[in-house]
Structures are given as structure tokens and as C-alpha cells.
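Numbering (the numbering used here), first residue to last: 160 to 1054. Glycine included, each C-beta is placed from N, C-alpha and C at the ideal position.
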């Protein structure tokens, strides 16, 4: 139909859309009607109305009856036709053994990839479930007074909450979070020491923790309101409704009833903030004392700020120093007291900021596991590729016949890719389901706490991943098969004969990764065994630690320590008579636990000094078999030693610059009365990640506290009773302790821990990583064996006639084995050679985290190479044995 040139044209995009989808049989009539209506509308109304109406009618006409029957979407490379998949299914079913081999190899790789991927995802998405996560920041405090006087904390002063609210209008809310242990009881039940969160009443306006029952809008409206988690509600009240009921908390010397106002849903594992009981920080004055509310140097809670949507944290940072100087300008210089802010989502994987209340993971470990998961999946894909190439020779004639009959290269590629995609999707399904079911086993083996919650969109992710794996693994065999010339195929079945350098590179890469994983696992295991076996300078096997408590009426720290010591003496009397208990002593801190008291002072030469302090009784050194290298130990029953005497470790003697230290005092002018009576041989009271630090051991903490300017500790100074269990069954410890505890303290719950477990826990991250890599290594070895099987199948198939001739002229099975091994021996050797520098570099980076570490020797690489070689020889030997059993007449007939 002719168009009116004076009236313009319909929208071109609409016309092109119509021509693209409309059946040519209907296009002419439909387009003519639309044009006629378009020009009529222009004449009667306007061009804009005509354009809108035309476009709308084009879209309305998009229906099944009008769509082209030969829709080009059906021939799209990505959307394989149903016919291709039918043929692929028949081919795969006909060759069941190799199909199973391919599927098993890919499924194993996918299981490892999914498990490690879920773990890595959980780590990198820590704290991401909060809807306002991008606007939540945690404050940190950096005090730098020069000359080594640097104090960096993510715990902050209590006054920061009011300081931020008054001086930073960019903040929508400011809240604080702190955790302390309090004795908790319910009526007739015993007293249990529980961690309790002390939070701001506005806490739930910032964080998305779900309050599921009770007063969910203002759960901490009252001074003595209490929030309890679902798990703790069941623990204390069973099936009863906890709302309105009370729990007794001992706050300092007072026991106070707290009314439960809300029940909190159990907090996700991927949260840096975790608690089961929470009270309001309006009790700070009662809990922390008047001084803490206004102090600038005393740190305790973590402070979180929610930035307004229209504001930015940069504007806060720009003026924070001015705010500080407006308060402290007369007391200190500019940039000595610095406040900064860390994004909430950065906390879990950022070790550059000091650890606060929650532990921090090493991001290097997470990235290493992510790379390992990807490499294992890549090895599985490479194995599938080599297996496919190995089996493709059998189908060379099929390819030739299809080409002779007119099959296009594109059609052949789609056919073979459809087989690859089908295997990959089936493997993805098997591997994904197995991974989910293996999560509990994975958690037990590795010590991680992986949680998986299924959502329907995950199916799309798994399907897309299966499609990607299928295309990645199948593209190279499909190209090789479809690119071979017809005459070459029809002349010989070995259409793949030749030096396929891509395949050889992939096989070498597989050896590199496999040997690298084996070597890394062996080196990590050796380092962890070194940590476990190293002489720490004391004997701690079978020692038990029992935390003590102070009486309710005790006030200051010295009174609380004295009260706890008295209680420890009562328990000591009860258990000391037991024949399986020995070496009973007490100390303020135990091995394997962080947060030993750290004290600082400026000595008589103006040098700023920092040292650790341990409060013990006179039996401590002999109980743990520590060595005195100079002077003497504490004397039991000596009142003078209890009041004045201190011991130093060797590092402290050097650190303080003391020559002939016996009888001298610490180099400060403000300490109370004290004297050095002995020097203890250095022992590792911290983990082997750190060098041994200066340590002062005392029975009386008051002189030490009197002479220092700064005190830091995350573990209470309240004594722990320690003893060695000499029996054969550790399970008897609970019976002995329970009997003694209930007869001495009938109204309190017993807690205890084995020091062996505490020491081992210091290296749990390394042990976890080692287990994860060990699992990945076993999987990679298994996949490599399958891939190697595919490689030997390729060699046997491509040299079937040669093997037959050699057997006819008398070749032995060993000679056939040598023939097969020689084909890929250089690839294994090259893989081992390339893996060595990579492993050395990676392991040196990992070992830098340890102050005490092993050296990387050749023995680890020899052992890993031997393991790889044994696996290779086993696979090749099996295939050589199979080839030796084949009738040579049948082999010679193949061509």
C-alpha cells in the first residue's frame, strides 16, 4: 500500500518488530490494515496519537497464530533442538561405560566446587543480610603518641555513643554493643555463667535481627528488660511462653530480676554480632562505673553508626579530628587521637583492623579455597575433554559418513555439544544434590559451620552452571571432530592422530595443579604437626581449667580476685584428695586463651614499655614443669613472696635491659613494693603465630597495676583452678569435678575445659584450611586418575594397530606398558617441575603468618611426585593389562 509522503512514517522499530515475528503469509494483509489505520488517525487526530496506536497494535498482534513457523530462535546455537538431545541421549546410552566415567568425573569435581563455593560465599557475604548494610559502619580508635606508644582498637569508649549523636548530624542512629559474662539463674535452677549482650535500646533500628514474639517495637523500653533468643527460651523455659517471666542476673554484687519482653529469632551463622541474651546499656553506670561514662581512654563496647541516606561517611571522617580537638585540644596534639569507621560488611574478612568482639577470618584462606574450588572444577572439565577426545576416534567414521551425506559443520558441532551439555547438566544435578547431602559430613571433616538454605532461583544458577560447564568441556572435542577432513577420516580411523598440543597442555596443567595440591597439603600438614609437637616450654597434657567466681558482695577487682581465690581453695581441698588428681594450682589466665593482661608504662629513661602479666600461686611453675634459669621459684607459705616477689621470663629480662636481675625492680618509679626473685625459661604463652613477649609473673597484682599507665585485657583476671588428671579415662574428669563442685557450690553450675583443646584451638583456622585442601587434594587425585584413564584410552585407541603388530611379533605386557607410559611421561615430569616454584611461592606466603615455622624441603616434593607417579602407574598398568588381553587379529582388522 502506498504511503502518504506528506504525513510521515510509522515508528520504524515497530515495523521491524512486526516483520521479524509475523508469518509472511499474514504480514501483507496485517501490515496494510495497520498502515491504513495509521494514516487515517494522522488525518483525524495527530501524528503522536497515530504513532502510539500503531505501536500498540503491533504489540497486541504478537500472538501464537501470527508467529513465524520457522522461528529462527529455534536454530540458535545456544538453544539446541530436541532432535539433537534425543540423538545425544541414544549415543550416551549406547556407550554406558564411558558415559558413566564422564559423569562420575564431572560430578566429583562439581561436588568439590559447590561445597567450597558455598563456604566461600558464606564467608564473603558475612553480615550482608542486613537491609541497611551499606550504611552501617563500626567505629575504631587509633591513639598514636609517638615513640611506640600506639593503641589501635575496634572497641571504643562508652562516651562515643553520645559524642557521635551530638556532633555528627550525618548519623541517623548510633548504637553500642558489648558482651559480658554474668551469672544467670531461674528460681530453683542452678547459676550458669552466660554471655549477655549489652546493647542500645535503638539497636534493632539499625540491624535486621528478627524479634518474633513479645514487644517487637520497643523490646528494651524498661531498665531491667531482657531479650532472649528462641534457643535460650527453650533452654530455660521449655515449651512455656517466656514473655513476662524473669531471669536473675548477678550485676556486680547485686542479683537483679530481669523481665523477658521479647523473643529473638536465632541469629544467622553469617553474622559478626551474635547473642542469646541482651539487656539495655542504660545500665552502663551500674555495670561499668561512673568513670567509664566520660573516659576517653577506656575502651569496651563496639560503636555502630547508621549513616543517613543523603549523607556520606567521608564528610564524617573529614571533620572527626576537629570534633576530637574541640574536646581534647588542651590535653593532646592533633592527630594523636584518631577516630575512623569501618563498613559493616568489611569486618569479617579484614585483619588490618584489630579484632573486636567477634573473631575475624583470614581473607587469604577464603581466596585460596575459592581458587582451589575453581581449579578442581577446571581439572574435571579438562578430564572430560581428554576422555571425549579419547573416545572420539571410535566415532571418526560416523563423522565422515555424516559429512559425505551433507551434514554441515555447524550441525555436527551442535550435535556433539548437545552430548557434552547433557552430560554436564546430569552431572550438575548429581553433584549439586550430593553436595547438599554431604554438607554435614563436610562440616564434621573440616570443622567449618556451613549452612545451606535452598531457594528456587538456585535451580537457575545450577542449570546455567551446568550449561557453561558443558560448553567449556565439550567445545574442544567438538571442534576437533568436525574440523577433520573427510578423506583423512575415511582413510584412517585415527582422525585425531597428530600432535594435539592443546590437549597436551591441558593434561600438563592437570598434573601441575594435582601435584601442587598434594605438595601444599603435605607442607601444611607438616607445619601443623610442627605446631602440635613443638616444645612450648611447659607440660599441659591432661590439664583441666575450672573458671572460678567471686562472691556477690565483693566490689573492686582486688576484692573479687581475693574472693575467687578463696573459693578456689575450697574446691582445691575437695579434689586434691582424689588419687587421679595432681599438680593443683591456680592462675589468672590459661594457655590457649587470648586476652592475657597487657600493661604499659614509661620507664625511668622515658621509654614506653609494654609487657604481659600473669597472676598465679606458688605451685604454678612446678605444676607445669617450667624451668628456672636464674634465681628461685615462689616459696609456698611465704607471705613476703605473696606480697612482693615477681618472676620474669628471659625475654622480659632482655627487654627491660636488666643485667643480674635478681633482687632488682622493674625500671619504673611508680610501681609498688616489689622485687625480682627469679627468671623463668621462655615458654610460649601465646600461639606460635607470635614471638614470645615480655612476661611478669606475680602472686599480687596490686604493685603492678599501681605502676602502669595503660591496662588491656579481654580475659578476666578472676582466677582459674588448674589441675592434672592422671587417670586413663578422661570421661572420669566430669564425675570427679561434678561431685566436688556440687558439694562445695551447690547453687552454681560447673564449667571446665581441657587446656589441650584450648591450645589446639589456636590453630583451628590452619587445621580447617588443611582439611579443606586435603579433601580437595583427594578429589583432584581421583579426578586426575579418571583423566589419566581417558588419556591412556586415547593412546590405546590411536595406536591400536601398532599395539596389535607388536603383540604379533612377541611384545610382552611390560613392553606395552612402557609404550603407553612413554607417551605421557614427559607431561608428568613437566607438570611436577612447574608445580614446584608455584608451591614454594604459595606456601611461603602462608608460612609468613607463623613466627615459628618449618622450612620447605625437597622431601615434600619428592613425596608428592611419588604419589602422582604411583597413581599414574596404576592407571596405565590397568589399561596396559586390558590392551594386552585384546586379540591382535581384532586390532589389525580395525583399519
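Whole-number beta carbon distance between residue 339 and residue 355, since they are thought to touch under 8 Å: With a beta-carbon spacing of about 6 Å, residue 355 and residue 339 fall inside the 8 Å limit used to define contacts.
Backbone secondary structure at residue 684 - three-state DSSP: In this structure, residue 684 counts as helix in the three-state DSSP scheme.
Proximity winner among 426, 374, 795, relative to residue 389 (alpha-carbon distances): Its Cα nearest to that of residue 389, the residue 426 stands out among 426, 374, 795.
Neighbour-count burial assignment, residue 501, 16 or more Cβ in a 10 Å radius: Residue 501 comes out buried.
Segment contact, 8 Å Cβ cut-off, at least three pairs: the region 746–757 with the region 876–884: Segments in contact, yes.
Buried/exposed call for residue 486, threshold 16 Cβ in 10 Å: By the Cβ neighbour-count rule, residue 486 is exposed, with fewer than 16 other Cβ atoms within 10 Å of its own.
Residue 605 to residue 599 span [Cα, whole Å]: For residue 605 and residue 599, the gap between their C-alpha atoms comes out near 10 Å.
Reduced DSSP secondary structure (H/G/I, E/B, other) of residue 869: In the displayed model, residue 869 falls within a strand according to three-state DSSP.
7 Å Cβ shell around residue 848 - same chain, five flanking residues per side excluded: Excluding residues within five positions, the ones whose Cβ falls inside 7 Å are 1008, 1009, 1010.
Sequence-distant residues of its chain with Cβ nearer than 7 Å to residue 308 (five each side left out): Cβ within range, chain order: 767.
Cβ-Cβ distance between residue 826 and residue 762 below 8 Å: For residue 826 and residue 762, yes; Cβs fall inside 8 Å.
Cβ-based burial, residue 215 [other Cβ within 10 Å; buried from 16]: With fewer than 16 Cβ atoms within 10 Å of its Cβ, residue 215 is classed as exposed.
Cβ shell of residue 115 (< 7 Å), same chain only, five flanking positions each side left out: No answer is possible for residue 115: the residues shown for the chain start at 160 and end at 1054.
Rounded C-alpha distance that separates residue 329 from residue 335: Distance between the alpha carbons of residue 329 and residue 335: 17 Å.
First through last residue of the alpha helix (DSSP H) which encompasses residue 602: First-last of the alpha helix (DSSP H) with residue 602: 598–605.
Alpha-carbon spacing of residue 190 relative to residue 196, whole angstroms: Between the alpha carbons of residue 190 and residue 196 lies a distance of about 10 Å.
Environment of residue 832 [buried if 16+ CB atoms lie within 10 Å]: Exposed, because fewer than 16 other Cβ atoms sit within 10 Å of the Cβ of residue 832.
Close Cβ partners of residue 394 (< 7 Å) along its chain, the five nearest in sequence each way excluded: If we look at residue 394 and ignore the five residues flanking it on each side, it has no Cβ neighbours.
Between the CA atoms of residue 317 and residue 449 - distance to the nearest angstrom: Approximately 11 Å between the Cα atoms of the pair.
Span separating the alpha-carbon of residue 907 from that of residue 899: Their Cα atoms are separated by approximately 12 Å.
Beta-carbon contacts of residue 814 that lie in its chain and below 6 Å, excluding the five residues immediately before and after: Within the same chain, and ignoring the five residues on either side of residue 814 in sequence, the residues whose Cβ sits closer than 6 Å to its Cβ are 853.
Distance, residue 943 Cα to residue 670 Cα: Distance between the alpha carbons of residue 670 and residue 943: 8 Å.
Three-pair Cβ contact test at 8 Å for the region 919–927 versus the region 353–372: Two segments are said to touch when three or more pairs of C-beta atoms, one from each, lie closer than 8 Å; by this definition the region 919–927 does not touch the region 353–372.
N-terminal and C-terminal residue of the alpha helix (DSSP H) that residue 425 is part of: In the DSSP annotation of this structure, residue 425 is not part of any alpha helix (DSSP H), being labelled neither H nor E.
Segment limits, alpha helix (DSSP H) that includes residue 1070: Not covered by the structure: residue 1070. The range shown for the chain is 160 to 1054.
C-alpha gap between residue 442 and residue 327, whole angstroms: Cα-Cα distance, rounded: 24 Å.
For residue 234, the three-state DSSP class (helix, strand or coil): At residue 234, the pLDDT of 44 sits below 50, so the modelled position is not reliable; the number obtained from the coordinates is stated separately. In the structure shown, the three-state DSSP call for residue 234 is helix.
Separation of residue 306 from residue 812, as counted between CA atoms: Cα-Cα distance, rounded: 21 Å.
Residue 609, enclosing alpha helix (DSSP H) - first and last residue: That residue, residue 609, is in no alpha helix (DSSP H); it is neither H nor E in DSSP.
Rounded distance between the beta-carbons of residue 358 and residue 437, thought under 8 Å: That belief holds up - the Cβ atoms of residue 437 and residue 358 are roughly 5 Å apart, short of 8 Å.
Backbone CA spacing between residue 576 and residue 629 [nearest angstrom]: Our two residues, residue 576 and residue 629, have alpha carbons roughly 7 Å apart in a direct line.
Other residues of its chain near residue 821: CB distance less than 8 Å, five sequence neighbours each side excluded: Cβ within range, chain order: 789, 790, 835, 836, 837, 838.
Euclidean distance between Cα positions of residue 547 and residue 971: The straight-line gap from Cα to Cα measures roughly 29 Å.
Three-way DSSP call (helix, strand, coil) for residue 705 in this model: Strand, per DSSP.
Distance CB(residue 794)-CB(residue 840) smaller than 8 Å: Residue 794 places its beta carbon 8 Å or farther from that of residue 840.
As assigned by DSSP and simplified to three states, the class of residue 977: Secondary structure at residue 977: helix, using DSSP grouped into helix, strand and coil.
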